[in-house]
Every structure is written in C-alpha cells, then in structure tokens.
Amino acid sequence: MTYMCNPINMEYKYQYTDSRGLNVTYREAADPSMILFKGQYYLFPSMTAGFLVSDNLTDWTFHPLKDVPVYDYAPDVRVIGEYIYFSASSKAKNCSFYRSKDPINGSFEEIEGTFPFWDPNLFLDDDGRVYFYWGCSNVTPLYGVELNPENMQPIGEPIALVQSNIAVIGYERNGENHVPRPPKEVEEMVKNHVKMNPGATEEFLQIIRKSLGNVDPYIEGAWMDKHNGKYYLQYSAPGTQYNVYADGVYISDNPLGPFTLAKNNPYSYKPGGFLPGAGHGSTMEDKHGNVWHSSTMRVSVNHIFERRIGLWPAGFDQDGELFCNQRYGDWPFQIDQAALNPWNNPEWMLLSYRKPAKASSFEEGKDASKATNENVQTWWKAASNRSGEWFEVDLKQVCDVRAVQINFADDQLNLPLPEGATLQQVGQIQRYLDERKHVTRWLLEGSVDGTEYFVMEDKSEADTDLPHDLVVKEGGVKARYIRCTVKELPFNQNACISGLRVFGIGEGELPKRVTGVQTKLLSELDLSVTWDNDDAVGYNVLWGFTPDKLYHSHMVFGVNQLTIGALIKGEPVYVRVDSFNEVGITEGEVRKAVE
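Residue numbers for the sequence shown follow this note's numbering, so the first one is 4 and each next one is one higher.
Right, dumping it as structure tokens:
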C-alpha cells in the first residue's frame, strides 16, 4: 500500500522573476495536466521545465522536457493514438502543437500553430474528431473549435462557450472567501510590496493595485471529459491567489455546446484546511477505473503564483454529476492499486494542531507556534542558517503516530540571478527557471519522554529536494515528542517550516455530535452557518443541492461560524456540520438551509 498527503510530494522548482522592478525568487508548480499513457501516469505542471511519471500516483520521477516551450504556462497534454500531444500558452505568438511517442527517451516534433491561445485543452472524441478549448481572461469567455487532426488547424470559427456570471454563480466571485478586498487593504498590500522591493516602479504598482482590487473573475483552465455520452467542460475561477480557487463544470450533448451549468458546482473546491485551493486542473481515469482530479493549490505569500499541486479522488455519481472528495483534502490517504471508494474517511487523524512547540531559535513574529496552526501562509523561521537548527512539537501525550508531513517554506528569497542565466519573457514578466540540483536534508526523531530519542526518518544525506515530504509509519510508532533537525536547504537559507503535521490514532472518545446548527441566507449567493462550541479539534461544513449529495466541504479550526459564498442562485442547499478530534469523526445532522 502507498500513501500520499497533499500537496503532491515532488520537487517544486525555483524560479527567478523580474516584473518591472519587482524581483522575487519562489517555488511554483500549477495547472496540472495528468494522463494515463502506455500504462504509466504522466503529470505536466506549469513552470517545472519537465514532467513527472509514476506507476502508482504516489511516487513520482522527474524527467526534463525537450523541444517544447517550457516557459509557456498551463501545459496541456492528451493522448491521441500512439502520441502524447503537448501545447502551452502564449498571447504574443501563434502557439504550436508538439507530439511524441516516447517523451522520456525521445523528442517532440512540432506541428506549427496558426493562432495564439492561453490555457489550452485538447480533446479526442469517440468518433476520432478532435476539439480544442482555451481561454484565460476576466473579460473574454472560454472558446472551443474543432481541429483537423492532420495539421491541427481549426475547422470553422471559434465558438464562445463559457462566460462569467457572478450575479448567479457565487463561487465565481473574486476575493478570499469570495469577499473582494476593500481599497484600504489593497493600499496596505501595495505598501508591503514596496517595503520588500523598494525598486518596484510606479507602473508596476498600478498593475498590482488593479490585480488586487479587481472584482471581475478570471474564467480559465478548460478541461473536457466525456461520460455516458455527455460532455463535461470544466473550468476554473475566480483567481489562483485565492483560497476559493475552484473548478466548475458545464454539461452538454455536443462537444461545442450549448452548455448548461451542472447542478453540482463547483465540483472541485477546497477553501479550508492547511493548504487551500483546488482550481485549474485535469480529470483522469486510472488503470483500475478510479477517477482522479489534480489541480492547483495556493500558497501565494512570496508571490501570487507561489503554488503547489493537489490530487483527489473524484467520480461521476449515478445521475451523472461530476464530484471530487476534498473533505480531508490535505490529510494522508491510501492509494491501493485497485478499485477504491472515493468517499472513504481518513484512516489517521490530525494530532499536532495547536500543540505546544519549541525550536532551537526563531525570528521575531515567526516562532514555533506558526508551524502547528494549520496555515501554510505562516511559518517558524530559525534565527540562523546554520545546520542543526531544530523544531519540536509536543503532542501532550504518548500517541500512536502513523505519518508526519514536513512542509518547508521560503521566506523572501529575493536572490540575484545565477551567473550566466538569462531571463525569459512570459507575458509581462521575465523569469528564469532554476534547473540546478538542490537538496533538502533533515533528521526526524521521536521520543516518549523528551530525553531519549529514536530515529523516525534520516534524510541527512538525501539527494532530493522535497519541500512537502511525507514520512509514513504504517504500523505506528509510540511518541509524544516529534523533532525535525534541519541539516541543509537550498541556497543555504534559514530553516522555515510552515507545518510539521503529525497524524495517527489518538486516545479517548469521539467528539460530540454538533448541536445548535443555525443557517441564515445573507444573500442569494451567501449562507451563514453557525453551531454551538464544543471540545472538537475542528469541523467540516458540508453542503450540496440534495441531502445525499453533500459534495462540497470547508474545514475550519477554532471557530463555530462559516459563511458559504459559493452558492448558485435559486438552487436548494442542504448542510451538515461534522466534528472531528484526534480519535475520529462524528457526523452531524443534515438540514435544509435554502428552499
């Protein structure tokens, strides 16, 4: 058996950017296209300068990309016959298609393009006809057109397919939790940019203001699937920098529409938990008939495009509704090489939330507590960059520990461009992808008494750079104290850990069933849900358009209120509030919230 814990455990590449005086170094991978090709899984993310291959969806091997534009965003890959077809985004030039029978050992041949596009997606229908979808804008819609498979040139004129509709579709609205930023907050964020990058030009600051304060959502990231004769056109909104970045879906009897908004929307939506975001992705059936959805997760601290890749079980229900299970979407889960139940609850519970923590040293405002608060946007930062700085969490009792996820962060790595490197122009930004070898090395130990320690995992000599590494102890180990000693990091930077997350089986009783649930419709698109406080570690608020299709979820900690801003005007809403602690999950009662 193998396990994974989002984000996908892979080497996320660093890049250097220069956007009109704003220089930032950060990790990024996003916009994943995942396919099954000749018995193996291929994952193509943006800004990776390569692709990853796996036999089991948990262990990924990196391969560099050759003969394709690796600096163009949102790479799309599809299988047509014996080939993988590749395309990527550019608005400044005609975009070509590339194909290869052997991407690992061979090369790609170019099929010259005839028009520019952004966020492409190719689709092969059952009858052999080929269709193409694209679009990424807060002004223009998603488009579709049929292509001639011989030369990949359009047959006919493009057809507008999906346009934003924020008066009806709540999840398309911009802002954290779908709440636009007020002008005062925008100006404060601009001032912070100036502090971090005093050389930023006024022209670029105006671009930042417009981006941060814009209420028009981006409609982007098309992906097409076919199921039982129906066409499922998937798309993302409202913006990659928000916790509510999601994938919605329209359905049609025809590959070029007209399309109707599906009842279950957004079908991929993860606004809560440690690492939020679940937009701009792809949907794939594996070798065992299971459906998986991969998409983009949000960090967005050092740069709005500081992103990661997530993977979740998905599927089509008996009524043809596309769904994705993200209820505990960044907790460890098992992937067997067999047919799976996409709605399985996690085997292991979170043990480390708000537990006492200490460290060898810390910078002011970035103490050890920042690594146990289930927030990827805060972190413990050591006061020095010397090898041997450590972080430790006290679980407060001896626990049955089954997994530890170690999440490293980067803190304002505004580094000079490597010698001999050349920036590449991508839209309005110049960037350089760092393909040099980096390593992340550490020692993970456990202890029952805080005096005698045993080794849980030793990566002191690792030749990998995995900033979201997962240590699994399937049989369990008894420990109260979990300590990570940092040995070496890229660029010799100070150790930063955004989450040392411990999972296992706690002792005691299940949490009480949630009581006092109240719902109130704040607008046609916003629903307030409140409940009584109790001693649970956290809550999952579930909702859906029928009582047996509670496909949406939002995990929260330390609060007993949530505003759901993802409603669709006129649709009924049913709600259930589940509680969880270190022992397990107690389901709440389903109640009708909107007629």
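Just so you know, even glycine gets a beta-carbon here, dropped at the ideal spot from N, CA and C.
Query raised in the report: By how many angstroms is the C-alpha of R30 removed from the C-alpha of C499?
Result: 14 Å
Query raised in the report: Among A482, N378, A342 and E223, which residue has its Cα nearest to the Cα of V407?
Result: A482
Query raised in the report: Can you name, in chain order, every residue of its own chain whose Cβ lies under 6 Å from the Cβ of D228, other than the five neighbours on each side?
Result: Y235 and T286
Report task. Kindly list the residues whose CB is nearer than 7 Å to the CB of R357, restricted to its own chain and excluding five residues on each side of it in sequence; keep chain order. Result -> T375 and N376
**Report entry** Three-state secondary structure (DSSP) of I211
**Finding:** helix
Report task. Return helix, strand or coil for F494, following the three-state DSSP convention. Result -> helix
Query raised in the report: By the 10 Å Cβ neighbour count, where 16 or more other Cβ atoms means buried, how is A281 classified, buried or exposed?
Result: buried
Query raised in the report: What are the complete alpha helix (DSSP H) segments, minimum 4 residues, inside the segment 271 to 347?
Result: none
Requested in this report: Return helix, strand or coil for V197, following the three-state DSSP convention.
Outcome: helix
Query - Assigned exposure category for M4 - 16 Cβ within 10 Å defines buried - result: exposed
Query raised in the report: From this set, R439, F411 and Q400, which residue's C-alpha is nearest P421's C-alpha?
Result: R439
Report task. Would you kindly check if the distance between the Cβ of S450 and the Cβ of Y600 is under 9 Å? Result -> Nothing can be reported for residue 600: it is not among the residues displayed for the chain, which extend from 4 to 598.
Query raised in the report: Can you find at least 3 beta carbon pairs, one from the segment 313 to 326 and one from the segment 294 to 304, that sit closer than 8 Å?
Result: yes
Query - DSSP three-state assignment for G173, whether helix, strand or coil - result: helix
Requested in this report: Starting from the Cα of N293, find the closest Cα among G276, C8, F319 and S372 and give me that residue.
Outcome: F319
Query - Distance CB(V302)-CB(Q428) smaller than 9 Å - result: no
Query raised in the report: At a Cβ threshold of 9 Å, is A412 touching chain D?
Result: Chain labels in this structure do not include chain D; a single protein chain is all it has.
Requested in this report: Output the distance between the C-alpha atoms of Y101 and R504, rounded to the nearest integer angstrom.
Outcome: 41 Å
Report task. Apply the 10 Å Cβ neighbour rule to R176 and answer buried if 16 or more other Cβ atoms are within range, or exposed otherwise. Result -> buried
Query raised in the report: What are the start and end residues of the beta strand (DSSP E) that includes V71?
Result: Unbroken run through V71: none, as it is neither H nor E.
Query - Helix, strand or coil at P186 [DSSP, three-state] - result: helix
Report task. Figure out for me which residue from S103, Q43, P119 and M37 has the closest Cα to the Cα of D75. Result -> P119
**Report entry** Cβ-based burial, H291 [other Cβ within 10 Å; buried from 16]
**Finding:** exposed
Query raised in the report: Any contact of the segment 241 to 261 with the segment 272 to 280, i.e. 3+ C-beta pairs under 8 Å?
Result: yes
Requested in this report: Return the CA-CA distance between L416 and T488, expressed in angstroms with no decimal places.
Outcome: 21 Å
**Report entry** Simplified DSSP assignment, three categories, for S582
**Finding:** strand
Query raised in the report: Of the residues V480, S582, Q431 and G453, which one's Cα is nearest the Cα of M459?
Result: V480
Query - Nearest to F40 (by Cα), restricted to the options K104, W393 and G260 - result: K104
Query raised in the report: Is there contact between the segment 524 to 536 and the segment 430 to 449, where contact requires at least three CB pairs shorter than 8 Å?
Result: no
Query raised in the report: How big is the Cα-Cα spacing for L68 and S49?
Result: 12 Å
Report task. Have a look at the DSSP bridge pairing and note the partners of I87. Result -> V82 and S103
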